[in-house]
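What follows is a short report on a single structure.
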Amino acid sequence: NAGVTQTPKFQVLKTGQSMTLQCAQDMNHEYMSWYRQDPGMGLRLIHYSVGAGITDQGEVPNGYNVSRSTTEDFPLRLLSAAPSQTSVYFCASSYFLASGGNEQFFGPGTRLTVL
Amino acid sequence: KQEVTQIPAALSVPEGENLVLNCSFTDSAIYNLQWFRQDPGKGLTSLLLIQSSQREQTSGRLNASLDKSSGRSTLYIAASQPSDSATYLCAIPSGAGSYQLTFGKGTKLSVIP
Numbered sequence: 014n015a016g017v018t019q020t021p022k023f024q025v026l027k028t029g030q031s032m033t034l035q036c037a038q039d040m041n042h043e044y045m046s047w048y049r050q051d052p053g054m055g056l057r058l059i060h061y062s063v064g065a066g067i068t069d070q071g072e073v074p075n076g077y078n079v080s081r082s083t084t085e086d087f088p089l090r091l092l093s094a095a096p097s098q099t100s101v102y103f104c105a106s107s108y109f110l111a112s113g114g115n116e117q118f119f120g121p122g123t124r125l126t127v128l
Numbered sequence: 004k005q006e007v008t009q010i011p012a013a014l015s016v017p018e019g020e021n022l023v024l025n026c027s028f029t030d031s032a033i034y035n036l037q038w039f040r041q042d043p044g045k046g047l048t049s050l051l052l053i054q055s056s057q058r059e060q061t062s063g064r065l066n067a068s069l070d071k072s073s074g075r076s077t078l079y080i081a082a083s084q085p086s087d088s089a090t091y092l093c094a095i096p097s098g099a100g101s102y103q104l105t106f107g108k109g110t111k112l113s114v115i116p
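Chains as they are written, first to last, in our numbering: chain R, 14 to 128; chain U, 4 to 116.
Now the structure itself:
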């Protein structure tokens with residue numbers, strides 16, 4: 014059981030380039046999400062998905078695109094990279110608790126630098 | 004909108020000391036609260052989850068408590084060790100039945116040998 018995996022671990026892009034950050038989970042969780050973490054800003058939600066074929070925007074969605082074709086995978090696409098997207102990106106998956114809350118599990122992160 | 008605050012932002016203690024990390028939140032209508040640990044350059048590791056019906060949860064030297072009425076949770080670390088040095092984050096679902104988490108900005112703990 015690998016949990017939540019992310020690739021690549023590190024990436025350097027030039028302004029204007031596009032790329033896809035990969036995320037996969039093997040826990041059969043319906044909910045998956047992407048966060049970015051910046052110094053002084055904490056963790057901010059980019060996009061999330063409540064199941065295959067269903068995605069929605071979070072707090073900071075501009076410049077990012079997602080799709081969810083399977084329960085396991087939730088890739089994050091940067092359409093045209095900008096220096097403001099330099100950050101550490103975390104993918105998470107979670108399940109609903111019987112009490113109505115949820116427990117979340119995070120991947121190891123992708124550290125992205127845009128020059 | 005739920006707001007989560009963690010004070011202090013940084014804490015330094017000598018090895019062996021017992022310590023308490025604080026997390027406060029503005030909306031007491033929560034379903035659960037989760038404590039995470041983050042080592043430098045690493046991802047978030049879930050430490051403890053407290054459901055709204057629980058007062059506390061324990062795992063080894065860690066004990067987390069929840070007081071919804073006062074909007075507070077504490078993470079107690081007994082007999083601290085240098086390996087406990089990390090940033091500790093608390094997080095709460097953003098709303099009723101929501102999968103989205105609202106995070107505090109964390110407390111960076113340094114345990115000095």
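We put the CB at the ideal spot given by N, CA and C, even for glycine. Since this is a predicted model, take the numbers as computed values, not measurements.
- prompt: If you run the structure through DSSP and keep just helix, strand and coil, what is S106/R?
  reply: In the displayed model, S106/R falls within a strand according to three-state DSSP.
- prompt: Under the three-state reduction of DSSP, which class applies to P85/U: helix, strand or coil?
  reply: helix
- request: Give a yes or no on whether the C-beta atoms belonging to S62/U and S88/U are separated by under 9 angstroms.
  value: It is not a contact, given that the beta carbons lie outside the stated cut-off.
- prompt: In the region 16-66 of chain U, which residue ranges form an unbroken beta strand (DSSP E) of at least 3 residues, counting only runs that do not cross its ends?
  reply: 22-28, 35-41, 47-54, 59-62
Spatial distance of L78/U from Q30/R (CA atoms): 43 angstroms
message: Can you pull the chain R neighbours of L2/U, defined as C-beta to C-beta under 7 angstroms?
response: Absent from the structure is residue 2/U, since the part of chain U shown begins at 4 and ends at 116.
query: Do the CB positions of Y102/R and Y48/R come within less than 9 angstroms of each other?
result: yes
query: chain U beta carbons: is any one of them nearer than 9 angstroms to that of G122/R?
result: yes
- request: Keeping to the same chain, check which residues put their C-beta closer than 6 angstroms to that of L34/R; ignore five residues upstream and five downstream.
  value: Cβ neighbours of L34/R beyond the five flanking positions: L89, Y102, T123.
message: On the DSSP letters alone, give me the boundaries of the beta strand (DSSP E) that V63/R sits inside.
response: 55-64
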